[in-house]
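Numbering (numbering that gives the first Met the number 0), first residue to last: 0 to 150.
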Amino acid sequence: MHEQYFEQAREVATHAMCHRARCGAVIVKDGEVIGRGYNAPPLEDEAQRMCDRDDFDLTKKVKSDKTCCVHAEWNAILDGLARNGDKVQGSTLYFMRVDDEGNVTAAGEPYCTVCSRLALQSGVTLFGLWNEGPEMWDAKEYNLKSYAFFA
Numbered sequence: 000m001h002e003q004y005f006e007q008a009r010e011v012a013t014h015a016m017c018h019r020a021r022c023g024a025v026i027v028k029d030g031e032v033i034g035r036g037y038n039a040p041p042l043e044d045e046a047q048r049m050c051d052r053d054d055f056d057l058t059k060k061v062k063s064d065k066t067c068c069v070h071a072e073w074n075a076i077l078d079g080l081a082r083n084g085d086k087v088q089g090s091t092l093y094f095m096r097v098d099d100e101g102n103v104t105a106a107g108e109p110y111c112t113v114c115s116r117l118a119l120q121s122g123v124t125l126f127g128l129w130n131e132g133p134e135m136w137d138a139k140e141y142n143l144k145s146y147a148f149f150a
């Protein structure tokens with residue numbers, strides 16, 4: 000059952016505008032996709048792309064802030080809230096990472112506490128990652144795992 004939503008997140012990820020990672024996310028409630036997002040500069044505005052500039056030292060940033068892009072999870076949550084409001088309560092977020100050709104790559108371990116906190120705050124209750132297959136996390140457990148990650 001989860002595979003079809005991971006596949007939709009993979010398709011969304013192929014539209015990502017980020018130069019560092021191509022990620023996509025969908026939010027599902029009662030079998031309906033209610034939010035979609037991929038990582039891109041704010042407002043998809045290339046003038047807001049900071050990662051290609053020479054006047055910032057991104058090595059000093061934490062891992063989750065080394066990109067200038069809005070994360071796929073944030074965009075999916077914002078999309079879901081804007082279009083469906085309270086329906087996000089009790090939903091599942093599916094996250095995929097792809098390479099430049101659209102092939103699935105491992106999502107890795109939960110690490111972004113901004114994503115995990117925003118998911119919790121918006122009402123997402125399950126958080127899915129694709130590594131060697133689907134990994135489904137209770138959103139509270141995902142948040143704790145994100146805080147436990149150290150690069």
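Here a beta-carbon is modelled for each residue, glycine too, at the ideal position from N, C-alpha and C. Computed from a predicted model, the values in this text were never measured in an experiment.
| So is Asp165 buried or exposed if we call it buried at 16+ other beta carbons inside 10 Å? | Limits of the chain in this structure are 0 at one end and 150 at the other, which puts residue 165 out of reach.
| Between Trp129 and Arg96, what straight-line distance do the alpha-carbon atoms span, to the nearest angstrom? | What you label residue 129 is simply residue 130 of the sequence shown in a count that begins at 1. What you label residue 96 is simply residue 97 of the sequence shown in a count that begins at 1. Each residue's alpha carbon lies about 8 Å from the other.
| said: Whole angstroms are fine: how far does the CA of Trp73 sit from the CA of Asp99? | reply: Stepping through the sequence shown from its first residue, residue 99 is reached at position 100. Stepping through the sequence shown from its first residue, residue 73 is reached at position 74. Between Asp99 and Trp73, the C-alpha separation is close to 21 Å.
| said: Can you find the residues in the same chain that come closer than 6 Å, C-beta to C-beta, to Glu134, ignoring five residues on each side of it along the sequence? | reply: Residue mapping note: residue 134 aligns to position 135 of the sequence shown, counting from 1. Its chain contains Leu128 as the residues whose beta carbon lies nearer than 6 Å to that of Glu134, once the 5 sequence neighbours on both sides are disregarded; these appear in chain order.
| task | With a floor of 4 residues, list each alpha helix (DSSP H) that falls wholly inside the region 9 to 39, ordered by position along the chain. | result | As far as the region 9 to 39 is concerned, it has no whole alpha helix (DSSP H) run of at least 4 residues.
| said: With H, G and I counted as helix, E and B as strand and the rest as coil, what does DSSP make of Tyr93? | reply: Here residue 93 refers to the residue found at position 94 when the sequence shown is read from its first residue. Three-state result, Tyr93: strand.
| field | Beta-carbon contacts of Gly101 that lie in its chain and below 6 Å, excluding the five residues immediately before and after | value | Taking the sequence shown and counting its residues from 1, one reaches residue 101 at position 102. If you ignore the 5 residues before and after Gly101, its C-beta comes within less than 6 Å of the C-beta of Thr13, all in its own chain and listed in chain order.
| message | So, for Lys28: in the same chain, excluding its five sequence neighbours on each side, which residues have a beta-carbon less than 6 Å away from its beta-carbon? | response | Working through the sequence shown from its first residue, we reach residue 28 at position 29. The answer, listed in chain order, is Lys86, Ser90.
| Beta-bridge pairing of Gly127 - partner residues as DSSP gives them | The count along the sequence shown starts at 1 and reaches residue 127 at position 128. Paired residue(s): Tyr93, Met135.
| Beta-carbon separation (whole angstroms), Pro40 vs Cys22, contact threshold 8 Å | Translated into the one-based positions of the sequence shown, residue 40 becomes position 41. Translated into the one-based positions of the sequence shown, residue 22 becomes position 23. Contact annotation, Pro40 with Cys22: C-beta distance approximately 14 Å; criterion of less than 8 Å not satisfied.
| task | Can you tell me the Cβ-Cβ gap for Ala71 and Tyr37, rounded? I've got them flagged as a contact below 8 Å. | result | Walking along the sequence shown from the start, residue 71 turns up at place 72. Walking along the sequence shown from the start, residue 37 turns up at place 38. Indeed, because the Cβ distance is near 5 Å, the residues count as touching under 8 Å.
| query | What is the DSSP secondary structure of Val61, reduced to helix, strand or coil? | reply | Sequence index remark: in the sequence shown, residue 61 carries index 62 (1-based). Coil.
| field | Proximity winner among Val103, Gly132, Lys139, relative to Gln114 (alpha-carbon distances) | value | Taking the first residue of the sequence shown as position 1, residue 114 is located at position 115. Residue identity differs from the one stated: residue 114 is Cys in this sequence, not Gln. For Cys114, the nearest C-alpha among the options comes from Lys139.
| request: Going by DSSP, name the residue or residues bridged to Thr104. | output: Translated into positions along the sequence shown, residue 104 becomes position 105. Per DSSP, Arg96.
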